[in-house]
Amino acid sequence: MSRRHVPYRRPLLATLAAFAVLAGTAAAAPAATPQDAPVAATSLRTLDDTYYQDAVGKSGTALKSALHTIISSQTKISYSQVWDALKNTDEDPANPSNVVLLYSGRSTSKSNNGGSVGQWNREHVWAKSHGDFGTATGPGTDIHHLRPEDVTVNSIRGNKDFDNGGSAVSGAPGNYTDSDSFEPRDAVKGDVARMILYMAVRYEGDDAFPDLEPNDKVSNGSAPNIGRLSVLKAWSREDPPDSFEKRRNDVIFNQYQHNRNPFIDHPEWVASIW
7 MSRRHVPYRR PLLATLAAFA VLAGTAAAAP AATPQDAPVA ATSLRTLDDT YYQDAVGKSG
67 TALKSALHTI ISSQTKISYS QVWDALKNTD EDPANPSNVV LLYSGRSTSK SNNGGSVGQW
127 NREHVWAKSH GDFGTATGPG TDIHHLRPED VTVNSIRGNK DFDNGGSAVS GAPGNYTDSD
187 SFEPRDAVKG DVARMILYMA VRYEGDDAFP DLEPNDKVSN GSAPNIGRLS VLKAWSREDP
247 PDSFEKRRND VIFNQYQHNR NPFIDHPEWV ASIW
């Protein structure tokens with residue numbers, strides 16, 4: 007595998023503050039529209055006293071187990087509902103008629119979704135073939151790891167593991183790929199890592215789906231694994247959660263699944279578990 011070995015130097019920011027919403031009883035996911043109520047914020051202290059109360063103070067396998075119990079309480083949505091959900095979760099803050107594509111970073115019309123070249127579709131960041139869960143309600147429709155992406159770029163990523171290096175991806179500046187891995191642009195490296203690690207905590211093999219786990223390999227194929235863990239951990243440190251990622255976590259919690267990605271709220275928990 008070719009490697010660029012270009013050091014990634016995005017400054018490490020203090021990220022122990024996150025936004026959240028006090029959600030009511032989980033209900034069926036509504037259709038997303040630009041007129042959805044604004045997301046109110048509450049403090050990390052409030053979340054720790056309520057949502058994360060059974061996880062705070064733990065580490066290692068005990069922390070992972072506690073978080074699994076917490077985030078497994080969720081409202082599931084169908085694969086068709088994912089379209090409308092992504093139009094809300096990934097809305098361009100500068101243009102509410104558009105979504106921002108994950109790898110490409112391009113802003114494009116919400117209505118330009120589908121399966122044709124030039125459109126955007128639903129990218130499974132944890133590739134659905136890694137564990138063979140497909141688009142089944144559950145991991146296949148979990149919007150904590152589903153993101154809008156250009157059809158062609160999505161196809162280039164395919165089901166490759168994540169790692170540094172490769173050749174530039176046409177149509178997606180800052181992304182690189184080779185025969186067995188994909189490197190996203192710097193601005194979303196941490197986002198990708200935290201989505202992968204969320205999936206590893208949420209899906210532990212106790213709900214008829216495979217036990218999803220990251221490892222330090224590439225070419226994992228159909229095994230319920232994705233790598234490269236050491237790289238994902240570095241990406242999470244170097245690219246801490248930004249306002250877009252935090253808002254996305256809040257919207258999913260408040261309006262759709264009513265569960266959170268704990269590594270957005272507490273990025274330091276990555277190193278505690280892995």
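Be aware that the sequence shown starts at 7, since it is given in the numbering used here, and climbs by one per residue. Just so you know, even glycine gets a beta-carbon here, dropped at the ideal spot from N, CA and C.
May I have the straight-line CA-CA distance separating residue i from residue j, to the nearest angstrom?
i: Thr67; j: Ala61; result: 11 Å
i: Arg163; j: Phe259; result: 28 Å
i: Asn194; j: Lys82; result: The sequence given here places Val at residue 194; Asn does not occur at that position. The alpha-carbon atoms of Val194 and Lys82 are separated by roughly 25 Å.
i: Gly172; j: Val237; result: 14 Å
i: Asp217; j: Asn101; result: 39 Å
i: Asp271; j: Leu53; result: 9 Å
i: Glu210; j: His74; result: 8 Å
i: Asn267; j: Asp156; result: 24 Å
i: Glu142; j: Arg208; result: With the sequence shown as reference, residue 142 is identified as Ala, and Glu is not the correct amino acid for it. Approximately 15 Å, taken between the alpha carbons.
i: Gly121; j: Gln87; result: 16 Å
Please state whether DSSP places residue i in a helix, a strand or coil.
i: Thr268; result: Thr is not the amino acid found at residue 268; the sequence shown has Pro there. In the structure shown, Pro268 sits in a helix (DSSP, three-state: H, G or I).
i: Asp192; result: helix
i: Tyr262; result: helix
i: Ile202; result: helix
i: Glu274; result: coil
i: Ile149; result: coil
i: Ala214; result: coil
i: Ala61; result: coil
i: Trp132; result: coil
i: Val237; result: helix
Is it true that the CB of residue j sits closer than 7 Å to the CB of residue i?
i: Ser228; j: Asp98; result: no
i: Tyr109; j: Pro190; result: yes
i: Asp197; j: Glu274; result: no
i: Phe85; j: Thr183; result: Correcting the residue type first, residue 85 is Tyr in the shown sequence and not Phe. Result no, Cβ atoms of Tyr85 and Thr183 do not sit closer than 7 Å.
i: Lys166; j: Ser135; result: no
i: Arg234; j: Asp245; result: no
i: Ala214; j: Ser242; result: no
i: Ala72; j: Ile149; result: no
i: Trp126; j: Pro145; result: no
Near residue i, which residues of its chain fall below 8 Å by C-beta distance, leaving aside the five closest residues on each side in sequence?
i: Trp89; result: Asn119, Arg128
i: Ile202; result: Val131, Trp132, His151, Phe168, Pro220, Ile232, Leu238
Does chain D have any CB closer than 7 Å to the CB of residue i?
i: Asn104; result: Chain labels in this structure do not include chain D; a single protein chain is all it has.
So, for residue i: in the same chain, excluding its five sequence neighbours on each side, which residues have a beta-carbon less than 7 Å away from its beta-carbon?
i: Ile279; result: Gly66, Leu69, Lys70
i: Val175; result: Val159, Ile162, Asn181, Tyr182, Thr183
i: Asn265; result: Ile77, Ser79, Gln80, Phe259
i: Ser115; result: Ser103, Asn104
i: Ala206; result: Leu218, Glu219, Pro220
i: Val276; result: Leu203, Lys239, Ser242, Phe269
Using a Cβ-Cβ cut-off of 6 Å (strictly less than) and excluding sequence neighbours within five positions of residue i, which residues of its own chain qualify?
i: Arg254; result: Thr95
Sort out for me which residues DSSP pairs residue i with in a bridge.
i: Phe168; result: Phe188
i: Ile232; result: Pro220
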